[in-house]
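Counting from 1 along the sequence shown, just add 7 to a position and that's the residue number in UniProt numbering. Using N, Cα and C, we set each Cβ at its ideal position, and we do this for glycine too. Only a predicted model underlies this, so the values are computations on that prediction, with no experimental measurement involved.
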Amino acid sequence: MAENPMLKFVKIPRLMPQKREASDRAHDFGEIYAEFSEDKAAEQASRCSQCGVPYCQTHCPLHNNIPDWLRLTAEGRLREAYDISQATNTFPEICGRICPQDRLCEGNCVIEQSGHETVTIGSVEKYITDTAWAEGWVQPIKPAATRGESVGIIGAGPGGLAAADMLRRAGVQVTVYDRYDRAGGLLTYGIPGFKLEKDVVMQRVTQLEEGGIEIVTNCNVGVDISFDEIRSKHDAVIIATGVYKSRDLAGPGSGADGIVKAIDYLTASNRHGFGDTVPEFEDGSLNAASKRVVVIGGGDTAMDCVRTAIRQGATSVKCLYRRDKANMPGSLRETQNAEEEGVEFVWLTAPNGFVGNPVTGVNVQKMRLGLPDATGRQSPELIDGADYVEPADLVIKALGFEPEDLPQLWGAEGLEVTRWGTIRADFETGQTRLPGVYAVGDIVRGASLVVWAIRDGRDCAAAILAQFDEARSIAAE
Ligand code: FAD
Ligand code: SF4
Ligand code: SF4
Numbered sequence: 008m009a010e011n012p013m014l015k016f017v018k019i020p021r022l023m024p025q026k027r028e029a030s031d032r033a034h035d036f037g038e039i040y041a042e043f044s045e046d047k048a049a050e051q052a053s054r055c056s057q058c059g060v061p062y063c064q065t066h067c068p069l070h071n072n073i074p075d076w077l078r079l080t081a082e083g084r085l086r087e088a089y090d091i092s093q094a095t096n097t098f099p100e101i102c103g104r105i106c107p108q109d110r111l112c113e114g115n116c117v118i119e120q121s122g123h124e125t126v127t128i129g130s131v132e133k134y135i136t137d138t139a140w141a142e143g144w145v146q147p148i149k150p151a152a153t154r155g156e157s158v159g160i161i162g163a164g165p166g167g168l169a170a171a172d173m174l175r176r177a178g179v180q181v182t183v184y185d186r187y188d189r190a191g192g193l194l195t196y197g198i199p200g201f202k203l204e205k206d207v208v209m210q211r212v213t214q215l216e217e218g219g220i221e222i223v224t225n226c227n228v229g230v231d232i233s234f235d236e237i238r239s240k241h242d243a244v245i246i247a248t249g250v251y252k253s254r255d256l257a258g259p260g261s262g263a264d265g266i267v268k269a270i271d272y273l274t275a276s277n278r279h280g281f282g283d284t285v286p287e288f289e290d291g292s293l294n295a296a297s298k299r300v301v302v303i304g305g306g307d308t309a310m311d312c313v314r315t316a317i318r319q320g321a322t323s324v325k326c327l328y329r330r331d332k333a334n335m336p337g338s339l340r341e342t343q344n345a346e347e348e349g350v351e352f353v354w355l356t357a358p359n360g361f362v363g364n365p366v367t368g369v370n371v372q373k374m375r376l377g378l379p380d381a382t383g384r385q386s387p388e389l390i391d392g393a394d395y396v397e398p399a400d401l402v403i404k405a406l407g408f409e410p411e412d413l414p415q416l417w418g419a420e421g422l423e424v425t426r427w428g429t430i431r432a433d434f435e436t437g438q439t440r441l442p443g444v445y446a447v448g449d450i451v452r453g454a455s456l457v458v459w460a461i462r463d464g465r466d467c468a469a470a471i472l473a474q475f476d477e478a479r480s481i482a483a484e
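Encoded structure:
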């Protein structure tokens, strides 16, 4: 009998693709992990125990058929592995790179729970899809038949583009409007290249356009075209605008030059990487080169800022966070990468004003952890008399994002929002209270993850198609 190609987790240890040395990777914006070789991908996939109840799949927001594509990879049947993987995930090469797998699929892998390390699901997913691109298996969409209905999508981030892909596959006419000059949303201008190289995003955008999706860039809805006009042009509209209003810091000196928002800083860096002329980068206001940089915040955006500053040639990079390492919201893997690259974390500290204009320092208050709050996390408390000044030439505020006030900006009466300012929409279909208007991604969930935006976009597209079909059958009666 042929040997079972799976269940090798007892003999074969977990192995991630080769990670570039910190001394090498800290000078450029290339991704830090190499690709698996074919035999390593097959070997790592073969560690899967093919669980009858695969918790990895349950905890993947897209419910990817992980056990099946791992088995096919272990057997060297990559084309079939790709077909299964792309059936549930619109952008598997992107999720394989930037999903926080330790909190989703891999964090729930059964063999990890049994004392063996998790299967490297994300790296295998990336390997399968990168191979598909290299082999020419990823082709522009060719709908079997076209339909008369048209959908307008506001926002070309992962949520909007995932919906666009599904609708176009069904033959719908799709137009995506975005205020930026390139599509991709935060994949293009937020997330740095060392996590997600930009040609990976751009090749997807090109594939979608070649499949007949129209992407209208430099089109700020509410300014260049009204929301009502978009509604009048299309049979349905999807709002996928993300959340971009940065949470701010008060305190003496907080308006000084040299104190900037994380999104402005990261966008300038990504634009520079594309070869664009970026005046704020050239004049140094959004460039960390030769500066003492202090980043405030402990989430993934803060991690992206500190690691960008290292690559830009900052003299020193410190990250202030009011809790400790065990209680920070950012991924531990990214924190470790940042530490390896030379970032200094100053745990249990919070800013209490700034010195100088332009800024020369941050007034820092030391904290300690007190009793747990309602969420179970220990609350930070001030330690009296333990303030000091941390020298800084550039301070980056990475404290999270909130939604813009869309009903007011767009004069969209009837577009209901929650008390957090996110759009009120059905979580399964994305349907808002306005007829024919749907919403997906961060603008509904608040700042979340790429994989959830993809899930929302796909679910919403399915709901719109069902609605179109129902309208057709009523018209035919
Ligand atoms: P977005 O990606 O924000 O796209 C919205 C689009 O709408 C943008 O292109 C914007 O220009 C456009 N738009 C907005 N308003 C208008 C308007 N009025 N008219 C026209 N267009 C408009 N998630 C992960 O899973 N892994 C990560 O590693 C990760 N890292 C991150 C790092 C940073 C720095 C940030 C900020 C976020 C990160 N995220 C990460 C979160 C992830 O990027 C978002 O959850 C995801 O991009 C949300 O997708 P979206 O389609 O809802 O919105
Ligand atoms: Fe894991 Fe994300 Fe891929 Fe799902 S999409 S299998 S959570 S890496
Ligand atoms: Fe394989 Fe782990 Fe998923 Fe089980 S939980 S099917 S071992 S990847």
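To the nearest whole angstrom, what separates the beta carbons of D172 and L215, a pair I think is in contact under 8 Å? The sequence position of residue 172 within the sequence shown is 165, counting from 1. The sequence position of residue 215 within the sequence shown is 208, counting from 1. About 6 Å; that satisfies the 8 Å criterion.
What would DSSP say about G103, mapped onto helix, strand or coil? Counting from 1 along the sequence shown, the entry for residue 103 is found at position 96. Reduced to three states, the DSSP call for G103 is helix.
Based on Cα-Cα distance, which residue from Q180, S297 and T315 lies nearest to H279? As a first step, residue 279 is located in the sequence shown; it is residue number 272 there, counting from the start. Among Q180, S297 and T315, the Cα nearest to that of H279 belongs to T315.
Is there at least one non-hydrogen atom of ligand 3 closer than 6 Å to the beta-carbon of C67? In the sequence shown, the residue the question calls residue 67 occupies position 60. No, Cβ of C67 sits at least 6 Å from all heavy atoms of ligand 3.
Can you tell me the Cα-Cα spacing of T136 and R86, whole angstroms? Here residue 136 is taken as the residue at index 129 of the sequence shown, counted from 1. Here residue 86 is taken as the residue at index 79 of the sequence shown, counted from 1. About 9 Å.
Check whether the segment 218-227 and the segment 122-139 touch, using three or more Cβ-Cβ pairs below 8 Å as the test. No, the segment 218-227 does not touch the segment 122-139.
Euclidean distance between Cα positions of L441 and L194: By one-based count along the sequence shown, residue 441 stands at place 434. By one-based count along the sequence shown, residue 194 stands at place 187. Whole-angstrom Cα-Cα distance: 29 Å.
With C-beta atoms as the reference, is W76 less than 7 Å away from S92? If you number the sequence shown from 1, residue 76 lands on position 69. If you number the sequence shown from 1, residue 92 lands on position 85. Closer than 7 Å, so yes.
Would the beta-carbon of I128 be found less than 6 Å away from any heavy atom of ligand 2? Indexing the sequence shown from 1 puts residue 128 at position 121. Of the heavy atoms belonging to ligand 2, at least one sits nearer than 6 Å to the Cβ of I128.
How about N71: is its Cβ closer than 6 Å to a heavy atom in ligand 2? If you number the sequence shown from 1, residue 71 lands on position 64. Under cutoff, so the answer is yes.
Who does A243 pair with in a DSSP beta bridge? Translated into the one-based positions of the sequence shown, residue 243 becomes position 236. In the DSSP output, where bridge partners are listed per residue, A243 has V158.
CB-CB under 6 Å to W417, same chain, minus the five flanking residues each way: which ones, in chain order? Taking the first residue of the sequence shown as position 1, residue 417 is located at position 410. Excluding sequence neighbours, W417 sits near G229 and F234.
I'd like to know whether the C-beta atoms of A446 and I246 end up nearer to each other than 7 Å. Counting from 1 along the sequence shown, the entry for residue 446 is found at position 439. Counting from 1 along the sequence shown, the entry for residue 246 is found at position 239. Yes, these two residues count as a Cβ contact at 7 Å.
Within the continuous alpha helix (DSSP H) that includes G280, where are the two ends? Translated into the one-based positions of the sequence shown, residue 280 becomes position 273. G280 -> alpha helix (DSSP H) spans A269 to F281.
Return the first residue and the last residue of the alpha helix (DSSP H) that Q64 is part of. Taking the first residue of the sequence shown as 1, we reach residue 64 at position 57. Note, Q64: alpha helix (DSSP H), Y62 to T65.
Cα-Cα separation between T110 and E484, rounded to whole angstroms: Within the sequence shown, residue 110 is the residue found at index 103, counting from 1. Within the sequence shown, residue 484 is the residue found at index 477, counting from 1. Here the sequence assigns Arg to residue 110, which means Thr is not the residue at that position. Rounded to whole angstroms, R110 to E484 spans 49 Å at the Cα level.
Could you compute how far the alpha carbon of D90 sits from the alpha carbon of G363? Here the question's residue 90 lines up with position 83 in the sequence shown. Here the question's residue 363 lines up with position 356 in the sequence shown. Their Cα atoms are separated by approximately 58 Å.
Can you list the beta strand (DSSP E) stretches of 3 or more residues lying completely in the segment 382-427, in chain order? 385-389, 395-398 and 401-404
Under 7 Å between C-beta atoms of D307 and G337: Taking the sequence shown and counting its residues from 1, one reaches residue 307 at position 300. Taking the sequence shown and counting its residues from 1, one reaches residue 337 at position 330. Contact: yes.
Over the uninterrupted alpha helix (DSSP H) stretch that includes C326, give me the two end residues. Here residue 326 corresponds to residue number 319 of the sequence shown, with the count starting at 1. Here C326 belongs to no alpha helix (DSSP H); instead the beta strand (DSSP E) covers S323 to Y328.
Counted within 10 angstroms of its Cβ, other Cβ atoms place H241 as buried (16 or more) or exposed: Here residue 241 refers to the residue found at position 234 of the sequence shown. With 16 or more Cβ atoms within 10 Å of its Cβ, H241 is classed as buried.
Considering Cα atoms alone, identify which of A263, G192 and L168 is closest to D466. Residue 466 sits at position 459 when you count from the first residue of the sequence shown. The residue with the shortest Cα to Cα distance from D466 is L168.
Per-residue burial, G262 [other beta carbons within 10 Å of its own, 16 or more giving buried]: Here the question's residue 262 lines up with position 255 in the sequence shown. It counts as exposed.
Since I believe R340 is in contact with G305 (beta carbons under 8 Å), could you give me their beta-carbon distance rounded to a whole number of angstroms? The residue given as residue 305 occupies position 298 in the sequence shown. The residue given as residue 340 occupies position 333 in the sequence shown. That pair is no contact at about 14 Å.
M374 - partner residues in DSSP beta bridges: As a working mapping, residue 374 is identified with position 367 in the sequence shown. M374 is bridged to L389.
Counting pairs of beta carbons, one from the segment 262-271 and one from the segment 445-463, are three or more of them closer than 8 Å? no
Between the C-alpha atoms of C405 and K252, what's the straight-line distance to the nearest angstrom? Here residue 405 corresponds to residue number 398 of the sequence shown, with the count starting at 1. Here residue 252 corresponds to residue number 245 of the sequence shown, with the count starting at 1. The sequence shown places Ala at residue 405, not Cys. Going by the C-alpha atoms only, they are around 11 Å apart.
If I measure Cβ to Cβ from K26 and keep anything under 7 Å in the same chain, skipping five residues before and after, which residues do I get? In the sequence shown, the residue the question calls residue 26 occupies position 19. Cβ neighbours of K26 beyond the five flanking positions: I39 and Y40.
Do you know whose CA, among R189, Y184 and V158, lies nearest R175's CA? Residue 175 sits at position 168 when you count from the first residue of the sequence shown. Comparing Cα positions, the closest option is V158.
Measuring only the C-alpha atoms, how far is S386 from I450? Stepping through the sequence shown from its first residue, residue 386 is reached at position 379. Stepping through the sequence shown from its first residue, residue 450 is reached at position 443. Roughly 28 Å separates the two Cα atoms.
Cα separation between L79 and R375? Residue numbering aside, residue 79 sits at position 72 when the sequence shown is read from its first letter. Residue numbering aside, residue 375 sits at position 368 when the sequence shown is read from its first letter. One C-alpha to the other measures close to 51 Å.
If we require 3 or more residues per run, which beta strand (DSSP E) segments fall completely within the segment 129-204? 157-161 and 180-184
Status (buried if at least 16 other CB within 10 Å, exposed otherwise) for I430: As a position in the sequence shown, residue 430 is number 423, starting the count at 1. Of the other Cβ atoms in all chains shown, 16 or more fall within 10 Å of the Cβ of I430; this residue is therefore buried.
State yes or no: is the C-beta of P20 nearer than 6 Å to some heavy atom of ligand 3? Within the sequence shown, residue 20 is the residue found at index 13, counting from 1. Flag unset: Cβ of P20 not near ligand 3.
Is the beta carbon of V300 sitting closer than 7 Å to the one on C326? The sequence position of residue 300 within the sequence shown is 293, counting from 1. The sequence position of residue 326 within the sequence shown is 319, counting from 1. No, these two residues do not count as a Cβ contact at 7 Å.
Identify, in the order they occur along the chain, each residue of the same chain with its Cβ nearer than 8 Å to the Cβ of N359, setting aside the five sequence neighbours on each side. Position 352 of the sequence shown, counted from the first residue, corresponds to residue 359. Contacts found: G258, N370, V371, Q372 and D394.
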